[in-house]
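Residue numbers (this note's numbering): 117 to 382.
For each residue, glycine too, the CB sits at the ideal point set by N, CA and C.
Next comes the structure, spelled out in structure tokens:
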């Protein structure tokens with residue numbers, strides 16, 4: 117495979133994603149999500165998608181756009197509290213949802229990318245996570261149509277632990293601050309979140325990068341994700357790279373006390 121993995125546009129990079137594909141998507145809330153790959157996929161039209169992500173965007177943004185168009189049929193996530201349409205579809209029986217503890221979800225993705233089939237963890241022991249019965253899908257009448265199964269429990273070093281299976285997806289969509297043409301990636305601050313493990317879990321990983329540099333420009337010790345995990349890199353324009361949003365912004369007017377902290381006299 118050529119070291120040059122650059123694709124000209126997000127549309128070109130996602131053009132062959134098929135109906136029924138499974139996707140690991142990086143980001144946490146709206147921080148570090150692959151905005152333009154998601155929007156290109158929305159325009160491309162793939163449907164019946166299984167999405168593995170920390171959350172499913174918010175109403176009107178991120179993965180919430182695919183959700184609103186009915187393109188997602190199953191979600192594996194750890195948090196879904198900021199999306200009213202998500203809640204509506206789930207409670208109406210239109211969406212299958214597998215809720216997973218956040219750390220467990222990250223480790224399931226990392227394990228999938230590392231070739232580990234499953235692992236034992238104490239997280240979730242003694243709850244519906246291990247005992248089964250979590251509503252994965254509701255029927256239109258509000259009854260539980262599909263519930264989570266019970267999982268294997270084993271005592272290891274004196275502690276009960278539950279067996280969690282690794283996650284491998286057809287595609288991964290990721291956002292990086294910098295990538296080189298061979299796919300080596302650097303993430304900025306909190307945007308590192310789920311991006312590296314999502315990238316590892318995808319059989320075909322697509323990265324949108326705020327800046328693309330030549331191979332050799334990134335110091336080896338600065339690389340967060342080796343290019344071996346990446347198949348396609350999409351360079352963003354400066355305007356695209358600058359477009360970032362947050363779920364909520366809370367501010368208050370500055371006061372004299374806030375603007376100029378008092379100094380104590382000695």
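Going by DSSP, what residues sit across from residue i in a beta bridge?
i           : result
residue 206 : In DSSP, residue 206 forms no bridge with anything.
residue 144 : 147
residue 138 : 166
residue 323 : 290 and 349
residue 215 : 193
residue 341 : 301
residue 177 : 174
residue 285 : 318
residue 188 : 165
residue 124 : Paired residues: none, contrary to the question.
residue 313 : Bridge partners of residue 313: none, in fact.
residue 295 : 301 and 328
Please tell me whether, using a cut-off of 8 Å, the distance from the CB of residue i to the nearest non-hydrogen atom of the ligand SAM is below it.
i           : result
residue 188 : Absence of the ligand SAM from the depicted structure is noted, as is the absence of any ligand whatsoever, leaving it without description.
Whose C-alpha, out of the options, is nearest the C-alpha of residue i?
i           : options               : result
residue 236 : 269, 212 and 160      : 269
residue 170 : 225, 365 and 243      : 225
residue 343 : 244, 281, 178 and 299 : 299
residue 223 : 302, 317 and 288      : 317
residue 282 : 140, 121 and 161      : 140
residue 232 : 185, 135, 280 and 294 : 280
residue 164 : 184, 198 and 149      : 184
residue 314 : 157, 325, 289 and 295 : 289
residue 208 : 173, 217 and 261      : 261
residue 174 : 166, 203, 259 and 190 : 203
residue 213 : 272, 370 and 253      : 253
residue 358 : 123, 135 and 147      : 147
residue 217 : 257, 238 and 206      : 238
residue 264 : 176, 275, 310 and 215 : 215
residue 361 : 135, 161, 176 and 125 : 176
residue 220 : 278, 155 and 266      : 278
residue 338 : 371, 355 and 303      : 303
residue 234 : 354, 267, 364 and 119 : 267
residue 251 : 230, 211, 271 and 274 : 211
residue 257 : 271, 305 and 206      : 206
residue 152 : 230, 125 and 309      : 125
residue 305 : 138, 144 and 123      : 144
residue 119 : 363, 332 and 366      : 332
residue 172 : 366, 353 and 310      : 310
residue 154 : 291, 371, 363 and 272 : 291
So residue i and residue j are supposed to be a Cβ contact under 8 Å. How far apart are they, rounded?
i           : j           : result
residue 182 : residue 188 : 5 Å
residue 346 : residue 121 : 6 Å
residue 323 : residue 301 : 6 Å
residue 167 : residue 179 : 6 Å
residue 334 : residue 287 : Wrong, their Cβ atoms sit about 24 Å apart, outside the cutoff.
residue 293 : residue 307 : 7 Å
residue 149 : residue 142 : 7 Å
residue 228 : residue 284 : 4 Å
residue 340 : residue 312 : 6 Å
residue 276 : residue 330 : So it is not a contact: roughly 51 Å between Cβ atoms.
residue 135 : residue 156 : Incorrect: roughly 16 Å between the Cβ atoms, too far for contact.
| Whole runs of the alpha helix (DSSP H) within the region 218–282, excluding any shorter than 4 residues | 218–230 and 244–247
| Using 8 Å as the threshold, is the region 191–209 in touch with the region 240–248, meaning 3 or more CB pairs across them? | no
| request: Mind the definition here: the region 124–131 touches the region 346–357 only if three or more C-beta pairs lie below 8 Å; say whether that holds. | output: yes
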